[in-house]
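Engineer:
Number of protein chains: 2
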Amino acid sequence: MQNFSQILSYITEKEKDILNFKDSPQKLYEPIEYILSLGGKKIRPALALMSFNLFSDNFDEVIYQALAIEMYHNFTLMHDDLMDKALLRRGKAVVHEKWDANTAILSGDAMLVYAYQLIEKTPSCFLPDVLQLFSKTAMEVFKGQQYDMEFETRTDISNNDYLKMIRLKTAVLLACALKIGAVLGNANDENATWLYDFGINLGLAFQLKDDLLDVYGNSEKFGKNIGGDILCNKKTFLLISALENANEKQKEELLNWMQLTTFDKEEKINRFTSIYNETNARLLCEQEIDNYYIKAIEALKHVSVADDKKQPLLSLTELLMQRES
Amino acid sequence: MQNFSQILSYITEKEKDILNFKDSPQKLYEPIEYILSLGGKKIRPALALMSFNLFSDNFDEVIYQALAIEMYHNFTLMHDDLMDKALLRRGKAVVHEKWDANTAILSGDAMLVYAYQLIEKTPSCFLPDVLQLFSKTAMEVFKGQQYDMEFETRTDISNNDYLKMIRLKTAVLLACALKIGAVLGNANDENATWLYDFGINLGLAFQLKDDLLDVYGNSEKFGKNIGGDILCNKKTFLLISALENANEKQKEELLNWMQLTTFDKEEKINRFTSIYNETNARLLCEQEIDNYYIKAIEALKHVSVADDKKQPLLSLTELLMQRES
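Here the protein sequences line up with chains A and B, keeping their order.
Using the numbering used here, read the first sequence as starting at 901 and increasing by one per residue.
Using the numbering used here, read the second sequence as starting at 901 and increasing by one per residue.
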């Protein structure tokens, strides 16, 4: 049984062994190496390893699939950043800025196929299940991204719509990582399903926490500017709750700000934050995070392995919930 | 044993049964249905079926993989059209024009995963081989596209470079279709390899013929305007050969035209075509097509099945070589 930091060291070391970016043409591979080098928390491969480790010990039996999931995740970041016209990722220039849009498209495509080439290393007894879950999840993430883009121009988004979207865009990939770990560890179906369920609830809590940090986080620790979601009128749980619970005056103020194309950024962020506080949107969001956190822990309890084996997953969950960045 | 038109009918019928675009969100699936509805020759799935049919009869055992290859091919068209800023595909608006760039990116990504979801239907005894070949090929096609884009701004491209590029961008996918058909038909390794080799040479001949038709084709039958490659200075076998064999005056004229940003389109096409004729570039290209055509037929001869079984593949090859569009 290994803890988060031991697992991260193992992943980093294996990445160097397994991933190869020295192939030609260089310009296809350099952007892949670049985006992976930007770091990131590597939560998804860590979850795969921790889940595997509930049932089995030799991480070499799960590392290719764990890296496939991380590769897939970074591919979605490369394409999403392009679609969202983002400028920075983890404080560094995004690929379509450092190179150009075509590079982000094609190197992203190559990352998706590379992810499948890592999945391909799965022993044939597990391959059909792992491949099917991986593709199903990949498709769900695209659906989530499509809803996310559609929500930008819609004004009738409910919190249910929002939760459905983040389940697809974020939660299913965490769940997939956990389930693949379980499958490769030879867990029974019931345990694999509970770990998937744990991942869904953890993923929802994780994304809601991310939204909360985007408003209330420490900008230095968070690694991106505070208030980004507010500036682009992103219909997060916070904004939807605020609009639902606002009085006439508060609602009018929010809607007015949302229609302005030129405005003082700091003032908009301050006013939105105040209204989030006044309408209890912050509190509702924190309660929703707790709600999914509790559901996640409940699901993990159902996994029939000794409690002490679950400690790494519990610690990582705790870390993600308490994080300030 | 079935001929091309019977095979096409079977593919079209099965597409309707197997492919489902009624899922949500609609905006993710509509562009996929749209690009597939534009038609196209469906050469790749037909090759998979014909290759399979050398060894086995029940097309239901190869149709998912054949459709996966066609889905993958259309995904590359969707992303390539965006990267190339094309306006029309088969006479209709391309996806990024009919919708927008983000739609082309995300629906294209979904097509790539959809292709893998079709591959997933492969019986587990064949799955590792089919999956590996499919991913290897998909990655090679990206490499080809990357070289193609890089060649646009380079001036030192040889015919060898060009042939290497079209091998990756075009030929390997035809070869992959043929080999997957053979594998699923339970062919031995030697036969599968000869069919792959047939596909590589057929693919090279096919692409060179495409380049030739872009200059010398009948614009109505060809479905796109004649001279497109000339207008964008595409370094095809024709242009490279012309530059290599041109005298001082011809070379200077070609290079001058290539530097102009505003010009009379018809005049440029006419002058390039004349120089292609004068420098024997057309003849060299036709000889090169014949050369690969003969190599393809040679490879097919090595496949150890009765000659009459090869008739559909031979007829299709003939059709592709004689085509005027």
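A virtual CB, placed ideally from N, CA and C, is assigned to each residue, including glycine.
Just the Cα atoms here: how many angstroms apart are Thr-1162 (chain A) and Glu-1148 (chain B)?
Structural biologist: Rounded to the nearest angstrom, the two C-alpha atoms are 59 Å apart.
Engineer: Going along chain B in order, which residues have a C-beta closer than 9 Å to the C-beta of Phe-1268 (chain A)?
Structural biologist: Outside the shown range of chain A, which is 901 to 1225, sits residue 1268 (chain A), and nothing can be said about it.
Engineer: Please report the residue range of the alpha helix (DSSP H) in which Lys-1151 (chain A) lies.
Structural biologist: It spans 1148-1159 - the alpha helix (DSSP H) in which Lys-1151 (chain A) sits, taken as one unbroken run.
Engineer: Please name the residues in the segment 1020-1038 of chain A whose beta-carbon is closer than 8 Å to at least one beta-carbon of chain B, in chain order.
Structural biologist: Flagged, chain order: Glu-1020, Ser-1024, Leu-1027, Pro-1028, Leu-1031, Gln-1032, Ser-1035, Lys-1036, Ala-1038.
Engineer: Strictly below 7 Å CB to CB, what residues from chain A border Ser-1002 (chain B)?
Structural biologist: Contrary to the premise, residue 1002 (chain B) reads as Asn rather than Ser in this sequence. Simply Met-983, Met-1049.
Engineer: In whole angstroms, give me the CA-to-CA distance for Ala-1075 (chain B) and Pro-1028 (chain B).
Structural biologist: Rounded to whole angstroms, Ala-1075 (chain B) to Pro-1028 (chain B) spans 18 Å at the Cα level.
Engineer: Whole angstroms are fine: how far does the CA of Leu-1068 (chain A) sit from the CA of Gln-926 (chain B)?
Structural biologist: When rounded, the distance between both Cα atoms is 15 Å.
Engineer: Thr-1217 (chain A) lies in the alpha helix (DSSP H); which residues open and close that run?
Structural biologist: Per DSSP, Thr-1217 (chain A) belongs to the alpha helix (DSSP H) from 1211-1222.
Engineer: Using 10 angstroms around the beta-carbon of Glu-1188 (chain A), count the other beta-carbons present and answer buried if the total reaches 16, otherwise exposed.
Structural biologist: Buried, by the Cβ-count rule.
Engineer: Taking 9 Å as the CB-CB limit, is Gln-1046 (chain A) close to chain B?
Structural biologist: Interface residue, yes.
Engineer: Whose C-beta lies closer than 7 Å to the C-beta of Tyr-929 (chain A) among residues of the same chain, with five residues either side of it excluded?
Structural biologist: Same-chain partners within the cutoff: Phe-921, Asp-923.
Engineer: In chain B, which residues lie with their C-beta within 7 Å of the C-beta of Tyr-1016 (chain A)?
Structural biologist: Here the neighbours are Tyr-1016, Ser-1035.
Engineer: Determine the direct distance from the alpha carbon of Tyr-1192 (chain A) to that of Phe-1106 (chain A), and round the result to whole angstroms.
Structural biologist: If you take the alpha carbons of Phe-1106 (chain A) and Tyr-1192 (chain A), they lie about 9 Å apart.
Engineer: Drop a sphere of 10 angstroms on the beta-carbon of His-996 (chain A), count the other beta-carbons inside from all chains shown, and report buried for 16 or more, exposed for fewer.
Structural biologist: The residue in question, His-996 (chain A), is buried, as its Cβ has 16 or more Cβ neighbours within 10 Å.
Engineer: Identify the contact partners of His-973 (chain A) in chain B, using a Cβ-Cβ distance below 7 Å as the criterion.
Structural biologist: Within 7 Å Cβ-Cβ: nothing; His-973 (chain A) doesn't reach chain B, min ~13 Å.
Engineer: What alpha helix (DSSP H) runs, 4 residues minimum, are completely inside the segment 1072-1106 of chain B?
Structural biologist: Listed in chain order, they are 1072-1084.
Engineer: Measuring only the C-alpha atoms, how far is Phe-955 (chain A) from His-1202 (chain A)?
Structural biologist: Looking at the two C-alpha atoms, the distance is approximately 14 Å.
Engineer: Where does Arg-1054 (chain A) sit, in a helix, a strand or coil, going by DSSP?
Structural biologist: DSSP places Arg-1054 (chain A) in coil when its eight states are reduced to three.
Engineer: If you follow the alpha helix (DSSP H) that Leu-1143 (chain A) is part of, which residue opens it and which one closes it?
Structural biologist: Residues 1137-1145.
Engineer: Is the closest heavy atom of the ligand PLP to the C-beta of Trp-999 (chain B) under 8 Å?
Structural biologist: The model depicted lacks the ligand PLP and carries no ligand whatsoever.
Engineer: Give me, in chain order, the residues of the same chain whose beta-carbon lies closer than 6 Å to that of Ile-963 (chain A); leave out the 5 immediate sequence neighbours on both sides.
Structural biologist: Here the set comprises Lys-914.
Engineer: Going along the chain, which residues of its own chain have a beta-carbon closer than 6 Å to the beta-carbon of Thr-1070 (chain A), five neighbours each way excluded?
Structural biologist: Counting only Cβ-Cβ distances below 6 Å, and skipping sequence neighbours, we find Gly-1103, Gln-1107.
Engineer: From the DSSP secondary-structure annotation, give me the bridge partner or partners of Ala-993 (chain A).
Structural biologist: DSSP output for Ala-993 (chain A) lists A:Leu-988 as bridge partner(s).
Engineer: Can you find a C-beta in chain A that's less than 9 Å from the C-beta of Ser-1058 (chain B)?
Structural biologist: Output row for Ser-1058 (chain B): interface = no.
Engineer: Looking only at its own chain, which residues have a Cβ that is under 8 Å from the Cβ of Leu-1213 (chain B), when we skip the five neighbours before and after it?
Structural biologist: Leu-947, Met-950, Ser-951, Leu-954, Phe-1098, Leu-1200.
Engineer: Using a Cβ-Cβ cutoff of less than 7 Å, which residues in the same chain neighbour Arg-990 (chain A) once the five nearest sequence positions on both sides are dropped?
Structural biologist: Leu-938, Gly-939, Gly-940, Gly-1123, listed in sequence order.
Engineer: Rounded to the nearest angstrom, what separates Leu-1084 (chain B) and Gln-1211 (chain B) at their Cα positions?
Structural biologist: Approximately 20 Å between the Cα atoms of the pair.
Engineer: Less than 9 Å between CB atoms is the rule here; does Ser-924 (chain B) satisfy it with respect to chain A?
Structural biologist: Yes, Ser-924 (chain B) counts as interfacial toward chain A.
Engineer: Name the chain B residues that come within less than 9 Å of His-996 (chain A), Cβ to Cβ?
Structural biologist: Correct list: empty, because the minimum Cβ distance to chain B is about 11 Å.
Engineer: To the nearest angstrom, report how far apart Met-971 (chain B) and Glu-1052 (chain A) are at their CA atoms.
Structural biologist: Cα to Cα, Met-971 (chain B) sits roughly 29 Å from Glu-1052 (chain A).
Engineer: Taking C-beta pairs closer than 7 Å, name the residues in chain A that His-979 (chain B) reaches, listed in chain order.
Structural biologist: Here the neighbours are Ile-1005, Asp-1009.
Engineer: I'd like to know whether the C-beta atoms of Phe-975 (chain B) and Met-1011 (chain B) end up nearer to each other than 9 Å.
Structural biologist: Going by C-beta atoms, Phe-975 (chain B) is nearer than 9 Å to Met-1011 (chain B).
Engineer: From this set, A:Cys-1185, A:Lys-1168, A:Val-1030, A:Tyr-1116, which residue's C-alpha is nearest Glu-1224 (chain A)'s C-alpha?
Structural biologist: Cα-wise, what sits closest to Glu-1224 (chain A) is A:Tyr-1116.
Engineer: Measure the beta-carbon distance from Pro-931 (chain B) to Trp-999 (chain B) and round it to whole angstroms, keeping in mind my assumption that it falls under 8 Å.
Structural biologist: Going by Cβ atoms, the distance from Pro-931 (chain B) to Trp-999 (chain B) rounds to 6 Å, so yes, they are a contact pair.
Engineer: With burial defined as no fewer than 16 other Cβ atoms inside 10 Å of the residue's Cβ, what is the status of Asp-1056 (chain B): buried or exposed?
Structural biologist: Looking at its Cβ environment, which holds fewer than 16 other Cβ atoms inside 10 Å, Asp-1056 (chain B) is exposed.
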